[in-house]
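The structure appears below as structure tokens.
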Amino acid sequence: MHTSNFDLKTQRFHNLYPIQIPKMTLTQSLRAVYEILYKASYKTPKRKMPQIRPNLELFNQNSDALKFIWFGHSTVLIKMDGLKILIDPMFSTYASPIKGTFKRFQPPVIELKELPSIDVIVISHDHYDHLDKKSIQFFKSQETHFLVPLGIKRYLINWGIAEAKITELDWHESYKIDSINFIATPAHHFSGRSLFGHNKTLWASWVIKGKNEKLFFSGDSAYSPHFKEIGLTYGPFDIAFMENGQYDKRWLYAHMMPEQTIQAIKDIKAKFFVPIHWSMFRLSAHHWLDPFIQSLKITEEQKVAMISPFLGEIMSVTR
Numbered sequence: 001m002h003t004s005n006f007d008l009k010t011q012r013f014h015n016l017y018p019i020q021i022p023k024m025t026l027t028q029s030l031r032a033v034y035e036i037l038y039k040a041s042y043k044t045p046k047r048k049m050p051q052i053r054p055n056l057e058l059f060n061q062n063s064d065a066l067k068f069i070w071f072g073h074s075t076v077l078i079k080m081d082g083l084k085i086l087i088d089p090m091f092s093t094y095a096s097p098i099k100g101t102f103k104r105f106q107p108p109v110i111e112l113k114e115l116p117s118i119d120v121i122v123i124s125h126d127h128y129d130h131l132d133k134k135s136i137q138f139f140k141s142q143e144t145h146f147l148v149p150l151g152i153k154r155y156l157i158n159w160g161i162a163e164a165k166i167t168e169l170d171w172h173e174s175y176k177i178d179s180i181n182f183i184a185t186p187a188h189h190f191s192g193r194s195l196f197g198h199n200k201t202l203w204a205s206w207v208i209k210g211k212n213e214k215l216f217f218s219g220d221s222a223y224s225p226h227f228k229e230i231g232l233t234y235g236p237f238d239i240a241f242m243e244n245g246q247y248d249k250r251w252l253y254a255h256m257m258p259e260q261t262i263q264a265i266k267d268i269k270a271k272f273f274v275p276i277h278w279s280m281f282r283l284s285a286h287h288w289l290d291p292f293i294q295s296l297k298i299t300e301e302q303k304v305a306m307i308s309p310f311l312g313e314i315m316s317v318t319r
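The sequence shown stops at residue 319 when you use the UniProt record's numbering, and every number in between is there.
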């Protein structure tokens, strides 16, 4: 690998801008997991969250507008220039290799088999709540093309996806399908699906540019100067799907606090902000609804336009 953010000596990827916070000890890490799973109150919704079963015939209809459906957490279905793009599909019950841990709050609003034919699947990184084996394997007999950061192709091949249907990209590399240009861009995070796989694969945000609209998908990311650089290089954006949940001051190296999320929206020059990475899995000790409450408060104070769809609701965005 020749990427500038890959250490040939350690054979691991690294972030562009180190964030200096004390490293958590094993005891602190175990305590944090205990808090997430057992200790904190309001771990999950007390009743089923509102959702709308999408009219997929309506979603499939040709339109000049960009359409999207948010399915909770970071799973988003987009229709742009006639192409149907699915980002970080996560339809499994558990966001963990250990059954019984990190269970989703409620079943997906639709099942995988109910999805329309998907042209492109985009993956941000290899964590279990973003790269879901069951969801990926569903598409192995379909013509769907996969766009993934460096190193992730091997997972997909092992799960039955034909190599010819997978494109790996480094940061700032692009791949064009019909009229849409997909660009892998930096994020500040980490990767790994096992104790020994730390940072063996790359993590990314994504710029998706069609004939008329341009969107940004943050993936998982801490706040760092990369957002301003993306805004200067690729912005402005019509819409940004930006992470706003699973935060904690103990892991500022991996996720943003709510006020940082809104600053990132400003940095990349996005017209509309859609909060993602919340509402379906509990991966931090904060109140499950706090990401939405905080984002609503801060966007109102700072006059940032936020779109907050129901689960499964079809949304349209035009210039």
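Cβ atoms here follow ideal geometry from the backbone N, Cα and C, with glycine treated the same way. Being a predicted model, the structure only gives us computed values, none of them experimental.
Residue i vs residue j beta-carbon contact at 8 Å
{"i": "residue 213", "j": "residue 238", "result": "yes"}
{"i": "residue 185", "j": "residue 234", "result": "yes"}
{"i": "residue 49", "j": "residue 279", "result": "yes"}
{"i": "residue 275", "j": "residue 316", "result": "no"}
{"i": "residue 154", "j": "residue 109", "result": "no"}
{"i": "residue 295", "j": "residue 217", "result": "no"}
{"i": "residue 356", "j": "residue 113", "result": "No answer is possible for residue 356: it lies beyond the span of the chain, which begins at 1 and ends at 319."}
{"i": "residue 140", "j": "residue 160", "result": "yes"}
{"i": "residue 87", "j": "residue 314", "result": "no"}
{"i": "residue 96", "j": "residue 105", "result": "no"}
{"i": "residue 126", "j": "residue 98", "result": "no"}
{"i": "residue 71", "j": "residue 312", "result": "yes"}
{"i": "residue 130", "j": "residue 281", "result": "no"}
{"i": "residue 43", "j": "residue 251", "result": "no"}
{"i": "residue 47", "j": "residue 199", "result": "no"}
{"i": "residue 273", "j": "residue 240", "result": "yes"}
{"i": "residue 284", "j": "residue 248", "result": "yes"}
{"i": "residue 183", "j": "residue 122", "result": "no"}
Alpha-carbon to alpha-carbon, residue j and residue i
{"i": "residue 116", "j": "residue 137", "result": "16 Å"}
{"i": "residue 242", "j": "residue 286", "result": "18 Å"}
{"i": "residue 128", "j": "residue 263", "result": "27 Å"}
{"i": "residue 192", "j": "residue 208", "result": "25 Å"}
{"i": "residue 177", "j": "residue 120", "result": "9 Å"}
{"i": "residue 16", "j": "residue 188", "result": "7 Å"}
{"i": "residue 324", "j": "residue 261", "result": "Nothing in the structure corresponds to residue 324, since the chain is present only between 1 and 319."}
{"i": "residue 190", "j": "residue 58", "result": "38 Å"}
{"i": "residue 269", "j": "residue 244", "result": "17 Å"}
{"i": "residue 267", "j": "residue 157", "result": "36 Å"}
{"i": "residue 221", "j": "residue 61", "result": "34 Å"}
{"i": "residue 346", "j": "residue 197", "result": "There is simply no residue 346 to check, as the chain begins at 1 and stops at 319 in what is shown."}
{"i": "residue 169", "j": "residue 150", "result": "6 Å"}
{"i": "residue 63", "j": "residue 256", "result": "35 Å"}
{"i": "residue 175", "j": "residue 163", "result": "16 Å"}
{"i": "residue 51", "j": "residue 9", "result": "49 Å"}
{"i": "residue 227", "j": "residue 82", "result": "29 Å"}
{"i": "residue 78", "j": "residue 201", "result": "25 Å"}
{"i": "residue 107", "j": "residue 172", "result": "35 Å"}
Residue i at chain D interface by Cβ criterion, 8 Å
{"i": "residue 113", "result": "Judged by its chain identifiers, the structure shown contains no chain D, having just a single protein chain."}
Bridge-paired residues (DSSP) for residue i
{"i": "residue 304", "result": "DSSP, once it has assigned bridges, lists no residue as partnering residue 304."}
{"i": "residue 12", "result": "7"}
{"i": "residue 213", "result": "DSSP, once it has assigned bridges, lists no residue as partnering residue 213."}
{"i": "residue 264", "result": "DSSP, once it has assigned bridges, lists no residue as partnering residue 264."}
{"i": "residue 318", "result": "For residue 318, which the question treats as bridged, DSSP gives no partner whatsoever."}
{"i": "residue 184", "result": "206"}
{"i": "residue 175", "result": "182"}
{"i": "residue 275", "result": "242"}
{"i": "residue 168", "result": "148"}
{"i": "residue 51", "result": "311"}
{"i": "residue 270", "result": "237"}
heavy atom of the ligand NAD below 7 Å from residue i C-beta
{"i": "residue 101", "result": "This structure simply doesn't include the ligand NAD, nor any ligand for that matter."}
Minimum length 3: unbroken beta strand (DSSP E) runs contained in the segment 55-130 | 66-70, 76-80, 83-87, 120-122
Going along the chain, which unbroken runs of the alpha helix (DSSP H) with 4 or more residues stay wholly within the segment 132-164?
-> 133-137, 153-158
Please specify which runs of the beta strand (DSSP E), each continuous and at least 3 residues long, are wholly inside the segment 215-243, giving them in chain order.
-> 237-243
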